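Visitor: Provided herewith is a single structure, encoded as structure tokens, for subsequent inquiry.
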Amino acid sequence: MQITKYVFEPHGDERGQLVAIEEFRNIPFDIKRVYYMYDTTAGTSRGHHAHKSLQQILICVHGSCKIMLDNGKEQETVLLDKPNEGLYVSNAVWREMYDFSPDAVLMVLASELYDEEDYIRDYDAFLKYVGQK
Ligand code: T46
114 MQITKYVFEP HGDERGQLVA IEEFRNIPFD IKRVYYMYDT TAGTSRGHHA HKSLQQILIC
174 VHGSCKIMLD NGKEQETVLL DKPNEGLYVS NAVWREMYDF SPDAVLMVLA SELYDEEDYI
234 RDYDAFLKYV GQK
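So in the numbering used here, spot 56 of the sequence shown is number 169, and the numbers just go up one at a time.
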């Protein structure tokens, strides 16, 4: 399956690094929501769902974690460990996030406001949704 990663240009100088992300300029959607997770308990696996329409960019702004993406036919696992790198996750893709380092901060830029109706939380229902069952 195709994996799309965005590499954001760090504006570095002697003071350190700064990354700017602007809707439609270096990511492909309007940013309607930003959320982030941290203090993730050792051994935790999050996600385990897909979205009907939500698009997102996942950026591990500190530490590292792994993201497993599944389109119903193929699965890929991606390591996120750079604060200037974002993983694009489209709608209709099952995602699981795991192997969080103790210091991991996973920030997510989302194309829509929070809507529980957009979630597909059952894997069989997801396979039916993507025409694989
Ligand atoms: C996704 C992955 C990458 C809110 O109130 N507002 C929000 O915007 C979000 C994202 C969550 N919540 C509440 C709902 C739950 O009570 O926060 C709690 C934890 O959310 P959830 O169990 O859905 O978290 P994850 O890590 O399983 O999934 C999240 C996103 O929900 C999801 O859209 O793609 O991160």
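Cβ atoms here follow ideal geometry from the backbone N, Cα and C, with glycine treated the same way. None of the values given here were measured: they were computed from a predicted structure.
DSSP beta-bridge partners for residue 226?
Guide: DSSP lists no partner for residue 226.
Visitor: Is residue 192 a contact residue of the ligand T46, with contact defined as CB to any heavy atom under 7 Å?
Guide: No, Cβ of residue 192 sits at least 7 Å from all heavy atoms of the ligand T46.
Visitor: Cα separation between residue 145 and residue 137?
Guide: Answer to the nearest angstrom: the Cα atoms are 12 Å apart.
Visitor: For residue 228, is the classification buried or exposed, using 16 other Cβ atoms within 10 angstroms of its Cβ as the cut-off for buried?
Guide: Its Cβ having fewer than 16 others within 10 Å, residue 228 is exposed.
Visitor: Comparing alpha-carbon positions, which option in 167, 192, 223 lies nearest residue 232?
Guide: Per the Cα distances, 167.
Visitor: Any idea what DSSP makes of residue 118, helix, strand or coil?
Guide: Here residue 118 sits in strand by DSSP.
Visitor: What residues come near the ligand T46, if near means a beta carbon less than 5 Å from any of its heavy atoms?
Guide: Taken from the N-terminal end onward, the list reads 148, 159, 160, 227.
Visitor: For residue 179, which residues from the same chain have a beta carbon less than 8 Å from its beta carbon, with the 5 sequence-adjacent residues on both sides left out?
Guide: For residue 179, where only same-chain residues beyond five positions count, the Cβ hits under 8 Å are 190, 191, 192, 193, 210, 211, 212.
Visitor: Since residue 167 is in the beta strand (DSSP E), which residue starts that stretch and which ends it?
Guide: Neither: residue 167 is in no beta strand (DSSP E) and is coded neither H nor E.
Visitor: Buried or exposed: which applies to residue 199, given that a residue is buried once 16 or more other Cβ atoms fall within 10 Å of its Cβ?
Guide: Buried, by the Cβ-count rule.
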